Amino acid sequence: MDLLSGTYLLAVLFACIVYQSGAQEKNYTVREELPENVLIGNLLKDLNLTLDPDVPLSSPLQFKLVYKTGDVPLVRVEENTGEIFTTANRIDREKLCSGIFSENRCFYEVEVAVLPDEVFRLVKIRFLIEDINDNAPLFPSTVINISIPENTAINSRYSVPSAIDPDIGVNGIQHYELLKPKTAPKRTFGSITNDQGQNVFGLDIIETPEGDKWPQLIVQQILDREQKDTYVMKIKVEDGGNPPRSSTAILQVTVTDVNDNRPVFKENDIEVSIPENAPVGTSVSQLHATDADLGSNAQILFSFSNQISNLARRLFAIDNTTGLITIKEPLDREESPVHKLTVLASDGSSTPSRATVTINITDINDNVPSIDTRYIINPVNGTVLLSEKAPLNTKIALITVMDKDADLNGKVTCFTDHDVPFRLKPVFDNQFLLETATFLDYEATREYAIKIVASDSGKPPLNQSAMLLIKIKDENDNAPVFTQPVIGLSIPENNAPGTQLTKISATDADSGRNAEISYMLGSDAPPIFNLDRRTGILTAVRKLDREKQDRYSFTVLAKDNGMPSLQTNATVTVSVLDQNDNSPAFTHNEYNFYVPENLPMYGTVGLITVTDADSGENAAVTLSILNGRDNFIIDPLTGVIRPNITFDREQQSSYTFQVKAVDGGRLQRSSTAKVTINVVDVNDNRPVFVIPSSNFSYDLVPTSTNSGSVVTKVFAVDNDTGMNAELRYSIIGGNSRGLFTIDQLTGNITLKEKVITSDHGLHRLVIKVNDLGQPESLYTIALVHLFVNETVTNGSYVQELVRRNMETPVGQNVGDGEITPQTNDYVKIIIAIIAGTMTVILVIFVTALVRCRQTPRHKVVQKSKQSGEWVSPNQENRQIKKKKKKKKRSPKSLLLNFVTIEESKPDDPGHEHINGTLDIPVELEEQTMGKYNWATTPTTFKPDSPDLAKHYKSASPQPTFQIKPETPVPPKKHHVIQELPLDNTFVVGCDSLSKCSSSSSDPYSVSECSCQGGFKTPGPIHTRQL
209 MDLLSGTYLL AVLFACIVYQ SGAQEKNYTV REELPENVLI GNLLKDLNLT LDPDVPLSSP
269 LQFKLVYKTG DVPLVRVEEN TGEIFTTANR IDREKLCSGI FSENRCFYEV EVAVLPDEVF
329 RLVKIRFLIE DINDNAPLFP STVINISIPE NTAINSRYSV PSAIDPDIGV NGIQHYELLK
389 PKTAPKRTFG SITNDQGQNV FGLDIIETPE GDKWPQLIVQ QILDREQKDT YVMKIKVEDG
449 GNPPRSSTAI LQVTVTDVND NRPVFKENDI EVSIPENAPV GTSVSQLHAT DADLGSNAQI
509 LFSFSNQISN LARRLFAIDN TTGLITIKEP LDREESPVHK LTVLASDGSS TPSRATVTIN
569 ITDINDNVPS IDTRYIINPV NGTVLLSEKA PLNTKIALIT VMDKDADLNG KVTCFTDHDV
629 PFRLKPVFDN QFLLETATFL DYEATREYAI KIVASDSGKP PLNQSAMLLI KIKDENDNAP
689 VFTQPVIGLS IPENNAPGTQ LTKISATDAD SGRNAEISYM LGSDAPPIFN LDRRTGILTA
749 VRKLDREKQD RYSFTVLAKD NGMPSLQTNA TVTVSVLDQN DNSPAFTHNE YNFYVPENLP
809 MYGTVGLITV TDADSGENAA VTLSILNGRD NFIIDPLTGV IRPNITFDRE QQSSYTFQVK
869 AVDGGRLQRS STAKVTINVV DVNDNRPVFV IPSSNFSYDL VPTSTNSGSV VTKVFAVDND
929 TGMNAELRYS IIGGNSRGLF TIDQLTGNIT LKEKVITSDH GLHRLVIKVN DLGQPESLYT
989 IALVHLFVNE TVTNGSYVQE LVRRNMETPV GQNVGDGEIT PQTNDYVKII IAIIAGTMTV
1049 ILVIFVTALV RCRQTPRHKV VQKSKQSGEW VSPNQENRQI KKKKKKKKRS PKSLLLNFVT
1109 IEESKPDDPG HEHINGTLDI PVELEEQTMG KYNWATTPTT FKPDSPDLAK HYKSASPQPT
1169 FQIKPETPVP PKKHHVIQEL PLDNTFVVGC DSLSKCSSSS SDPYSVSECS CQGGFKTPGP
1229 IHTRQL
């Protein structure tokens, strides 16, 4: 019910629009090819036009055919009577509506304007063109060849190519028949004989759902190719016209050998869509057919039927072997939006299979809209002359816009490109009437160049424009003119009521009463003003306040006493001048600023904003500090506060003072505001590792550990606050296989993949922790050792691996190729067998060698014991040696080694983009560790230790990193490493006998190690005493 109601309302609305626009439609039917001056209709009678005697006409009733300049109309209209006649230009339906085969769809349209404007209406006339039988049907070829296998059953049917007739309806093809030839040549086997083919074959007509008639050849007798292989007949086609037209063609039937299976299409009806801008060679559709025969009888050839149009045959091609239809020539949807292709699949037999491919050409926006201008007021030399007294809605021209595209691409909007006193009024689809929209004024504008723009709705839209020239004829219609179109006034505020502002005057080019002018205020004038009607004196009736409103703008009217009277207006602007009646005002009564404690002297602290409701010098505010001038200065004009001291938050965290603002009036006014400056801490603490507690510690990762399991974790703290204390963890080295990952927030180290045999051994990960402080992030680095094995059966062996790994440069991965005692039992067995075999031979030699060198060896051992011992995991020996060591040590004897950076060698496979040797202090002051303050940093680090992390910079936390100095040292490439407690620093082993002691409970850590020999390093060693 709602849909019906909506449709009814839409129809009523459309009828109202058509009626109000004066638009009508009239339909006529006319046969094609009529001679000249045949009467078609009479608009005066057919439209029932009657004139109202009470309505005077400016000119006699006139019927004007509206058509484009240069077009040749197919009909003419008598201007006085409205009679419609044919012209010498014959109406050809086949040419006018080529491709349209429906009897009711071929129309020819014209527009007729009924004048003058008092009775104006626009009539659209649609002529339905009736077809006559002026075309004979024709076969596509004068000789038609058909092949039929010899084993064809009686009453079998074979398609014969259809004829084509441009006419429609009854004038189209109606009948086919076989004609008996007068003579038939004779020949022997394989030659034509005199037997008449119509005795062997019959002809039937099949009508398709679309109304097309297809002839079919019927086999009426048994065929024998050995007796006769060719039949020649004539086929005739005839239309239904009066009189009928016909044509003939030679039908030659060839009897072929047996091929008893026709090809079968996978799909008989295919519909595809392709854009009209598809390039030549684009695949349209792939046809598939099968044949149950074998060998050459199963070879299928694809081809187009003779029944497809010449246009389709020109645009598309088919591969005879594959059945692929492609584009042969550029497509144009506007030429034909749909193509129906009949495709034949033949295996050499006389009866090919048929499939229909319907190709819908989809539109693209490739056509620019066209603009057709048909004048109702005849132009003179291309220009329309129009009086300035022309009434509203005077019709000037009929504008028709068209776009050959479809849907949105063909939806056209029409408009003028600028503001003109004309408008485009829609009357029919894509048709507009150009008419006057306002009264014209010759004195204002004498001519108009109207640019009409037609734009479609495509993406991007295409535009077309056309120019239309209109000249205005002058009439006597002058209105009063102000001497100044804009009157500017100034008055100080706080004026006395009734103060005279100015005298307004205007002139009129007319004379007499038409030149007598009266002055009035416009409707937008505020009541605070008054205008004398006769003299034009403008006064202010009340006191003005500039702070409430500093400017007034309104209109005044000058009206003459003509009949009808004319009037004009002018704009009055009143500017209220300032007086110093307002004090400066701060945006806040109290200001709070926050500055970092490292803000340099005379840096910017903040901005004080102050306003003054006055203007000019009265609003020129100067700022000054009342108290606190020793600590801060302020720009008197901009209000920028700067310190003339350096801040120390620990000494003073805030400052408070008063700021005074004074304006520049003759009688100055002032005000004050309170300012508080708060000193904020900066990011000056680096992260400190708490876990791991020792660089010599390690964690066991059983080989049965599942991927995704947490194997260990790291944890660090930062004494800063906020974002300065937000930490992020990353692995920057030692994870070349990608076996482990770290959670950047929690520090959990996770096994990424399942452990395989090659992963067994010790892995050293270089862990970096950095804070999110601003403006510069600070970071620290630590080592994590992970021992991948089933169990730890030999703790001393693992600890020795850890110690040896500490001698490896940080940039070099460890753990590659490490084999645990349990890793390869097979190798052990082989070695045991070999060793057992050679034991008997070697025992005598070893015994003799020991006896021979016992005395020299004893001396060497004694001498070595005086110089140092190797670090041992034996806790008791380490405790004794440590006590002896303490007596000889001094806090001033601490050594701090340096990182030596050497240029990487690209051909060195043992390094990951770096070749650095990290030398770690081997003597650390235990007394200094005892003085460490837990309240500031974790016990893992000394308070005065330099930061190790600042000597390692990487753009991203990748396993391979570059060791670079933060600040260059001219003579050498040395940088101090952070002096950490031995249990959390990079420590390398000694390459000669050393004395080591430990007070730690960790059996796998070495707290102190004194090396009296040199360090084992792959490069030069540089040390410096601090």
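Numbering of the sequence shown is given in the numbering used here, commencing with residue 209 and proceeding in unit increments.
In this text, a Cβ means the ideal position worked out from N, Cα and C, and glycines have one as well.
Just so we're clear, the structure is a prediction, and the values are computed from it rather than from any experiment.
Could you tell me the distance, in whole angstroms, from the CA atom of residue i to the CA atom of residue j?
i	j	result
N790	A645	52 Å
V848	Q757	31 Å
L980	R972	26 Å
E240	E543	23 Å
A828	P693	35 Å
D838	T779	57 Å
V283	E338	15 Å
S663	E537	29 Å
T566	E484	15 Å
T710	N738	11 Å
D926	H993	23 Å
D254	L765	53 Å
D892	S1004	41 Å
I1042	V1054	17 Å
R741	E651	27 Å
G770	D732	25 Å
I333	V628	31 Å
So, residue i versus residue j, is the Cβ gap smaller than 8 Å?
i	j	result
G666	L594	no
V620	N638	yes
K603	E655	no
V896	A933	no
N797	R877	no
F995	Y906	yes
A457	F347	yes
T747	G706	yes
D611	P634	no
I516	T570	no
T464	E385	no
P804	V919	no
Locate the alpha helix (DSSP H) running through residue i, then write down its first and last residues.
i	result
Q1007	G1003 to M1014
R301	R301 to L304
N568	First-last for N568: S561 to T570, but that is the beta strand (DSSP E), not the alpha helix (DSSP H).
K253	L251 to D254
Going by other Cβ atoms of all chains shown within 10 Å of its Cβ, with 16 needed for buried, is residue i buried or exposed?
i	result
T1001	exposed
E1174	Note on E1174: pLDDT 34, under 50, position unreliable in the model; the coordinate value appears next. The residue in question, E1174, is exposed, as its Cβ has fewer than 16 Cβ neighbours within 10 Å.
Y987	buried
Y316	buried
P700	exposed
Q672	buried
H968	buried
E825	exposed
Tell me which residue opens and which closes the beta strand (DSSP E) that residue i is part of.
i	result
D979	G969 to D979
A778	Q775 to L785
N518	Where N518 is concerned, there is no enclosing beta strand (DSSP E), although the alpha helix (DSSP H) it sits in stretches over N518 to L523.
V274	Q270 to V274
E446	T438 to D447
I885	S878 to V888
E335	Reading off the sequence, residue 335 comes out as Phe, not Glu. F335 -> beta strand (DSSP E) spans R329 to E338.
S491	S491 to Q494
S698	V694 to P700
L387	I381 to L387
I413	F409 to E415
Contact criterion: CB-CB distance below 8 Å. Does residue i meet it with respect to chain B?
i	result
R742	Note that chain B does not occur in the displayed structure, where there is just one protein chain.
**OP:** Taking only runs that begin and end inside the region 578-661, name each unbroken beta strand (DSSP E) of 3 or more residues, in chain order.
**Re:** 578-583, 591-595, 603-610, 620-624, 630-636 and 639-644
Original post:
Along the chain, which unbroken stretches of the beta strand (DSSP E) at least 3 residues long are found entirely within the region 810-888?
Top reply: 830-833, 840-842, 848-851, 862-870 and 878-888
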